[in-house]
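Chains as they are written, first to last, in my numbering: chain A, 1 to 89; chain B, 1 to 481; chain C, 1 to 486.
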């Protein structure tokens, strides 16, 4: 079993220093290995649980935040908007 | 020998739902508000905030599912689609992955003027949240994020790759739009982005039944752009294949201004969205009784209505198609036929002068004072030959924006057609006297000058003479001479 | 006895009898904070002004003869991953070093309505990922019972504050043991409620399907009082449960006659220190003497629970923590070249190693080609573990286990070995995986003055029973309410 740490880091938008990649892989593998060694598990997936249904929200408006509140934690804002480096599309 | 190819198209349509609030929070779902003024901790993805699903979103999606003949999965779930982009504040979109709310449906589209239809499969309809908007300003080196649109409810309608031409694609898109509009679940305003579509195009050797490599096209912002994008992309792929090349699986961006598609992402860069069930939301369970109630609440849908207009009223496909385009127009037509005019005449007026006036002024029927009854009173006057067709146009211009009836306008403007022979005889006689040459020509066998003479009589009657009677009188009077 | 040493229940009575004012109570606790905070490092932020204002408001109500909630005027600490309106909420991360939420968590709204007095926000392992409180970006908290030792984690700051007398009660959060393990290390009562019984709205998410907010206190009765306020359906948290709430304090009747206790053998394996086993067995014997029956039971999948826990919690965390990208709040890297570089630098500089490790693991197990092998299997395992617990509860009312395999370890001892650190969670994660309630109460102290905790585990929504048995044991034990001598 190998983990492509660089690929995973790219997906997670993290940068792992080259000299630490091996350690990361080793640590992740130790967890992964525990699952590799699991005995076969019976039973189907239970992604759906109709016995515990979700209560839905009524379509009734509630107050929004003031714009200052939306922006007050933003590292950079301008003209009522948050600012990010230029995007292509 | 050049290979013959067939186009294969699948469409993914995103439609914003016109609920009062967003999908997961109580912020208002409105278009055009000041930037970042309809936002809260939930739709801006603040730490600690949690989603709570709007019940209307589920109802609306189920209605669409019924309208497109889908199976409704009344037990389903929501999943997270993970990717980083500044318009997506949580860095995941709450969508539905393997268990959509609706699946296995279809829409029948008209493929010719004889009312023949083709069935386009609808793979699935699922609910999800919209992303925010990024604003670009050349004066400034960055992009601005407006989160008002974050959390606006969307349904995504995915078709099977059953579409074989851009014309079929257009018919399918029109059908979906008309259905959304009939159900009153989306504003359907292309210019506001309330309907958007992604287009999947491939080409295959005719008759082979083997699909080619599929290219996904993004940024298709209107239905007419979809037609152009499909035609362009299919041609591009055929050119590649005919030159012996291969089509790559990729995502391309449609530039409608330039009329070309540009590579965005290759297969190697394909995103890994790491879908998994959203742990913040439990299983959606819609009571089966409620699913049925929603089905029973559906209005007559555009496809059915179009066929009815063709069968019941003998309208051509072209007319029927335009009339059912939106519910308002179709309802107006349905009411108008109750007043006993010829359905084709009603259709001609609605699709002709009425539409022209509305388009010129950028209005809808609801903005005017025209009622089916008023329109039919006017048409009835023409059918009874009490006014001319031309006078009808004048009448329409008046009654469409006022409380006046057709009768009132005809009286006020003296537009009534004169059918009284004794009165018209005098006019005919004086016209014949004034045009001895034409009369001579007629007698000499050039009977087509009758038209000229009738025209002169019309002018003399200030347009009010009944042309049919005038023609009769002209012929009668000349023969007497 | 100083005011800060008293229990919430006692203080509540004294306020009503006008033996002291809320301001006096708050002042006493702040005096204690001033005296010992240097040594414990329990708090990230102190909210002295807010506290005195809230205490003043309670005194005014008292003066007017208005009805007071039992928790009115009680000084409370709040873990710094629970959003507090207009008060810094950092999750002990550089990533949120300056984040001031514009809203209150549901539990804070409820507590504010009761008139509790907020002392400040307590330290934790960054984003609640850790078992020692050493993984905070800001500081390392010390165990007030013995300052050379860790207080446990991740809610180590809240545990230390209550144990040191720097708070009377506190809020923690528990994803894999983050309330119970520090409660055990610090000699406190700590309750991890049934999943769905307390609203998570406003709790900065780590593992959404496992996280619960719960109380720390020095007595079972105080924990019951606080839990009474915390629990209940919240329409803003779809996973919160609609359920009638009993009166948890009234349920403390001291009676354990006929109680059927199960002892899961897997929780007393070779990984657990003998001193811990001995203490827990002795406590069980005392409950037996009070009328309970005891039998051995088995939870065969216990050994695999750790992997299921790390896979599920990390997968959820990788998604929950993706929003920290330098756009909307918190840290943004000062230098970058374009959008992706900004994301990567911000996240690499803003998160600590443990957080990165878990984001990486979670991203991997959800990634294309691995989902079925890891995430899906972990979810299957989760159901199996839950089924095994449910099976035990067919003929047991509750289970008793150690809360942690050992007593608190020394600061720095395990910090470089994530696996060893993870082992501190083996007794607590099963409860989170199965969504059950778990109560940790002290049952003994070692020669180094390090507490040993025992864990009571019950079926879903059996908090009333756990608190009742805990309270009964507290009486047998001779009372828990001790503030650490520092």
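Using N, Cα and C, we set each Cβ at its ideal position, and we do this for glycine too. All figures in this text were calculated on a predicted structure; none of them were measured in a lab.
- Looking at the backbone, the Cα of residue 170 of chain C and that of residue 102 of chain B are separated by about 46 Å.
- Between residue 125 of chain C and the set C:134, C:117 and C:342, the nearest pair of CA atoms involves C:134.
- By the neighbour-count definition (other C-beta atoms within 10 Å, threshold 16), residue 289 of chain C is an exposed residue.
- Residue burial is scored here from C-beta neighbours: residue 239 of chain C has at least 16 other C-beta atoms within 10 angstroms and is therefore classed as buried.
- Excluding the 5 residues flanking it on each side, residue 119 of chain B has same chain C-beta neighbours closer than 6 Å at 106 and 108, in chain order.
- Counting along the chain, the unbroken beta strand (DSSP E) around residue 8 of chain B starts and ends at 5 to 16.
- Closer than 8 Å to the CB of residue 92 of chain B there is at least one CB belonging to chain C.
- Taking residue 374 of chain B as the centre and dropping the five residues before and after it, the same chain places the C-beta of 399, 405 and 406 closer than 7 Å to its C-beta, in chain order.
- Residue-level contact by beta carbon fails for residue 45 of chain B and chain A, as no gap is shorter than 8 Å.
- Taken through DSSP and simplified to helix, strand or coil, residue 195 of chain C comes out as coil.
- Within chain C, the residues 235, 236 and 238 have their CB atoms less than 7 Å from the CB of residue 52 of chain B, given in chain order.
- As a beta-bridge residue in DSSP terms, residue 135 of chain B pairs with B:144.
- In this structure, residue 330 of chain B places its C-beta atom within 8 Å of the C-beta atom of residue 324 of chain B.
- Proximity of the segment 20 to 32 of chain C to the segment 71 to 78 of chain C meets the contact definition, three or more beta-carbon pairs being nearer than 8 Å.
- The C-beta distance from residue 408 of chain C to residue 143 of chain C rounds to 5 Å, short enough to fall under 8 Å.
- If you draw a straight line from the Cα of residue 270 of chain B to the Cα of residue 333 of chain C, it is about 27 Å long.
- Under DSSP, residue 444 of chain C takes part in a beta bridge, and its partners are C:452.
- Using a 10 angstroms sphere on the CB of residue 40 of chain A, the tally of other CB atoms stays under 16, which defines it as exposed.
- When DSSP states are grouped into helix, strand and coil, residue 362 of chain B belongs to the coil group.
- Interface annotation, residue 339 of chain C: in contact with chain A, CB-CB separation under 8 Å.
- Interface residue (Cβ-Cβ distance to chain C less than 8 Å): residue 80 of chain B is classified as such.
- The segment 415 to 430 of chain C makes no contact with the segment 441 to 450 of chain C; the number of CB pairs closer than 8 Å stays below 3.
- If you keep only unbroken beta strand (DSSP E) runs of at least 3 residues inside the segment 388 to 420 of chain C, you get 398 to 402.
- Across the set C:308, C:225, C:364 and C:31, the C-alpha of C:225 shows the shortest separation from the C-alpha of residue 8 of chain C.
- Secondary-structure assignment with DSSP links residue 76 of chain B through a beta bridge to B:284.
- Cβ neighbours of residue 386 of chain C within its own chain (closer than 6 Å, five residues either side excluded): 434.
- When rounded, the separation of the alpha-carbon atoms in residue 254 of chain C and residue 444 of chain C is 20 Å.
- Judged by their CB atoms, residue 162 of chain C and residue 441 of chain C are not nearer to each other than the 8 Å cut-off.
- For residue 361 of chain C, DSSP records no beta bridge to any residue.
- In the structure shown, residue 430 of chain B falls within a helical segment according to DSSP collapsed to helix, strand and coil.
- For the segment 219 to 249 of chain B, the continuous alpha helix (DSSP H) assignments of 4+ residues that do not extend past its boundaries occur at 223 to 242, in sequence order.
- One Cα belongs to residue 434 of chain B, the other to residue 427 of chain B, and the distance between them is close to 11 Å.
- Counting only runs that start and end inside the segment 339 to 421 of chain B, the alpha helix (DSSP H) elements of at least 4 residues fall at 343 to 349, 355 to 361, 372 to 383, 389 to 399 and 406 to 413.
- One Cα belongs to residue 150 of chain B, the other to residue 366 of chain B, and the distance between them is close to 31 Å.
- Contact between residue 202 of chain C and residue 90 of chain C is absent: CB atoms are separated by about 14 Å, not below the 8 Å threshold.
- The residue from C:459, C:153, C:320 and C:30 with its alpha-carbon nearest to that of residue 394 of chain C is C:459.
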